[in-house]
DNA sequence: GTGTACATATCGCAT
DNA sequence: ATGCGATGTGTACAC
C-alpha cells in the first residue's frame, strides 16, 4: 500500500465525467491495483477512485503551460476495464510512503439478514402460534421467497425477511405472491413481512395490499437459540 | 488527516457486530472525526469504519494478558450517534503521520440522470413525434414523476427517466401510473420508460404492464443541445 | 455470465 | 429529522 499526500487535480471519465480542481489530498494506491483519492472528510467514500482490475501508468511531468502555471511533478493515468480513465496531475508532494501489509485474515460478521432468516426458520412459532416451516428459499419463477410456512389452520404463508423493511421489500413480496397464487396449491397464500424494523411507508403499502407486518426481536431470537444450545 | 499503519484488532458493534483479528492495516483518521480501517485490497471500501458525527477516545494501553500476549500500545474507541462503537486495539505501529489538507474545493459531476432528464425535458420530440412537455417532476401522492408530456393526439404520457432502467424502475413507474389514473384528467395516462439502457427483464415486465420502453441516446441529445447553444 | 437481492450501503434532496 | 431515489453503487449467490 502506497500513501501519497500531494496537491493534485483529478479528472474521471467513464459513465460520468467528474473533475476535481487542484488541492491537497490523500491518494491511496492499494496492492490490488485500486486507486482512490480522499479529502479530509467522508469516512467511507473517496472523491474519486478506480476499482480493479485497472492499469496504472505514470507519465513524465509535462512542461508548465506558462510562468505562472503550477509545476507538475507527475501525471498518473489509471485505465479501467470498460475504458474508464482517471487522470491525476500531481503537484507538490508532501508525503510518499509504501508499506507491506500482507493478506488480511478477513472479516467476521454477525447479525445480517441471512442469520435472521435462519433463526426464524428454526422458530416459526415466533411469527404465529402453531406455525410450522415448509421450506426456506421457496422457489418462484422470479426468485426465492425467504420462508414458506403453514399457519395453525394449515394455510400457506409466504414470509419475506428483512433487517429493515422498506417499500421495495413490499414490492418484492407482492411480486412473489402474485406468481405463487397462480399455483392451485398456493392460490390463497398469505403474505407476511417480517423485519426488525418496518418503515412507516412500507407498513402502509403492505397493509393496503393485505400483507401482514411483523416486527421481530433479533436479540430475543438469539436468546431462544442459546437456550436450545444449552438443551442439546 | 492522520495516517497510521499498525497491527490492530478491530471490533464493531452497531447494526451488526463485526470482528477483525490482529493484522497490519491502514487506519485513516480524518479531520471530520471519521475513522476507517483499510486492508490492502477491496478497492475503496474500508473493512470497518465510523461515519461522523462520532467521538474518538484514546485509552491508555492495557496490561498484557499474559507473557505471550501481544503488547498493545493503545486502545481507541469511537462512538457513533446511534450508540455504535468501533474499538481498535493498536499493536506495533509502523507509521504515524498527520497532514493538514484544508477544505476540499469539491467535485463537479456531469452526465447523471438529472442531466438526462433536463435534456429530454428540452427535447420531448425525441421521445415521440409531436410530443410536448407539460411539466417536469409532476407531483403524485407518493412522489414526482420525472416528466409529464402530451403526445401528438393530446393524450397524457408519464415518463420515468433512468440512466439504466432495471426492474425497480418499472415498479416505480407502475405505482405512479396507478395513482395518477385515479385523477379524472389523467385517467388514461400512458407510461413510458426512457433510459440509455434497459435491462431485458425490466423490458419484459414493462411491456407486460403496457409501458412503452424507449432507449435514448445521451450523446445525440447533448449534440442537439450544443446545436441550440450555437443558434442562440 | 446474467439476474437478483443485500449492504453498518452512502449520498443528496425535498418535505 | 424522515422519506425517497440515485449511485461510476460494490458484493455475494443462484440459475
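Protein chains in written order, with the working numbering: chain A, 1 to 232; chain B, 1001 to 1232. Backbone N, C-alpha and C define an ideal beta-carbon position, used for all residues, glycine too. Note that the coordinates shown come from a computational prediction; the quantities given were computed from them, not determined experimentally.
Does the beta carbon of residue 1094 (chain B) sit closer than 9 Å to a beta carbon anywhere in chain A? yes
* To do: Compare the C-alpha of residue 1236 (chain B) against each of B:1055, B:1025 and B:1050 and name the closest.
  => Lying before the first or after the last residue shown, residue 1236 (chain B) is absent from chain B, which here runs from 1001 to 1232.
*asked:* Could you check whether the Cβ of residue 1105 (chain B) sits closer than 9 Å to any Cβ belonging to chain A?
replied: yes
Flag this pair as yes or no: are the beta carbons of residue 120 (chain A) and residue 11 (chain A) separated by less than 9 Å? no
Legend entry - Euclidean distance between Cα positions of residue 1133 (chain B) and residue 1217 (chain B): 19 Å
- Task: To the nearest angstrom, report how far apart residue 16 (chain A) and residue 1062 (chain B) are at their CA atoms.
- Result: 49 Å
Practice item. Have a look at A:219, A:31, A:173 and A:19 and flag the residue whose alpha-carbon is nearest the alpha-carbon of residue 99 (chain A). Key: A:31
| query | residue 1155 (chain B) and residue 1189 (chain B): beta carbons closer than 9 Å? | reply | yes
Rank A:1, A:21, A:186 and A:153 by C-alpha distance to the C-alpha of residue 70 (chain A) and give the top, closest one. A:21
Item to complete: Could you tell me which of A:147, A:80 and A:168 sits nearest to residue 56 (chain A), measuring between CA atoms?
Response: A:80
task: Return yes when the Cβ of residue 1152 (chain B) is within less than 9 Å of the Cβ of residue 1169 (chain B), no when it is not.
output: no
query: Just curious, the beta strand (DSSP E) that residue 1022 (chain B) is in, first and last residue?
result: 1017–1029
- For residue 127 (chain A), which option in A:106, A:47 and A:149 has the closest C-alpha, if you only look at C-alpha atoms? A:149
Close Cβ partners of residue 9 (chain A) (< 7 Å) along its chain, the five nearest in sequence each way excluded: 20, 21, 22 and 89
Flag this pair as yes or no: are the beta carbons of residue 46 (chain A) and residue 1044 (chain B) separated by less than 9 Å?
yes
Next on the checklist: residue 1110 (chain B) and residue 1003 (chain B) - do their beta-carbons sit closer together than 9 Å?
Outcome noted: no
Determine which residues share a DSSP beta bridge with residue 126 (chain A) and list them.
Residue 126 (chain A) is not bridged to any residue.
Between residue 1036 (chain B) and residue 171 (chain A), what straight-line distance do the alpha-carbon atoms span, to the nearest angstrom? 35 Å
Using a cut-off of 7 Å between C-beta atoms, extract the partners of residue 1203 (chain B) located in chain A.
-> Here the premise fails: no neighbours, minimum Cβ distance about 14 Å.
message = Please give me, in chain order, every unbroken run of the beta strand (DSSP E) with length at least 3 that falls completely inside the stretch 71–118 of chain A.
response = 74–80, 85–98 and 108–110
Handout entry: residue 1046 (chain B) - DSSP class collapsed to helix/strand/coil
Key = coil
Positions along the stretch 1036–1059 of chain B whose CB lies within less than 9 Å of some CB in chain A
1036, 1038, 1039, 1040, 1041, 1042, 1043, 1044, 1045, 1046, 1047, 1048, 1049, 1050, 1051, 1052 and 1054
Is there a Cβ from chain A that is less than 9 Å from the Cβ of residue 1108 (chain B)? yes
(Q) Using CA atoms only, rank isn't needed, just tell me which of A:104, A:123 and A:38 is closest to residue 225 (chain A). (A) A:123
Query raised in the report: Whose Cβ in chain A lies nearer than 9 Å to the Cβ of residue 1182 (chain B)?
Result: Here the premise fails: no neighbours, minimum Cβ distance about 13 Å.
- Task: Specify the secondary structure class of residue 1064 (chain B) as computed by DSSP and reduced to three states.
- Result: coil
*Does the beta carbon of residue 64 (chain A) sit closer than 9 Å to a beta carbon anywhere in chain B?*
no
| said: Quick check on the burial criterion: 16 or more other C-beta atoms within 10 angstroms. Buried or exposed for residue 1059 (chain B)? | reply: exposed
- Measuring alpha carbon to alpha carbon, tell me which of A:187, A:113 and A:52 ends up nearest residue 82 (chain A). A:52
query: Helix, strand or coil: how does DSSP classify residue 200 (chain A) here?
result: helix
**Request:** Take residue 1034 (chain B) as the anchor and find which of B:1077, B:1203, B:1066 and B:1220 has the nearest alpha-carbon.
**Result:** B:1077
- Whole-angstrom distance between residue 102 (chain A) and residue 157 (chain A), CA atom to CA atom: 49 Å
Handout entry: Cβ-based contacts, 7 Å cut-off: residues of the stretch 1127–1148 of chain B near chain A
Key = none
### Query
Under 9 Å between the Cβ atoms of residue 167 (chain A) and residue 201 (chain A)?
yes
**Prompt:** Does residue 25 (chain A) come within less than 9 Å of chain B when only Cβ atoms are used?
**Reply:** yes
Quiz item: What residue range is occupied by the uninterrupted alpha helix (DSSP H) comprising residue 186 (chain A)?
Solution: Here residue 186 (chain A) belongs to no alpha helix (DSSP H), and DSSP marks it neither H nor E.
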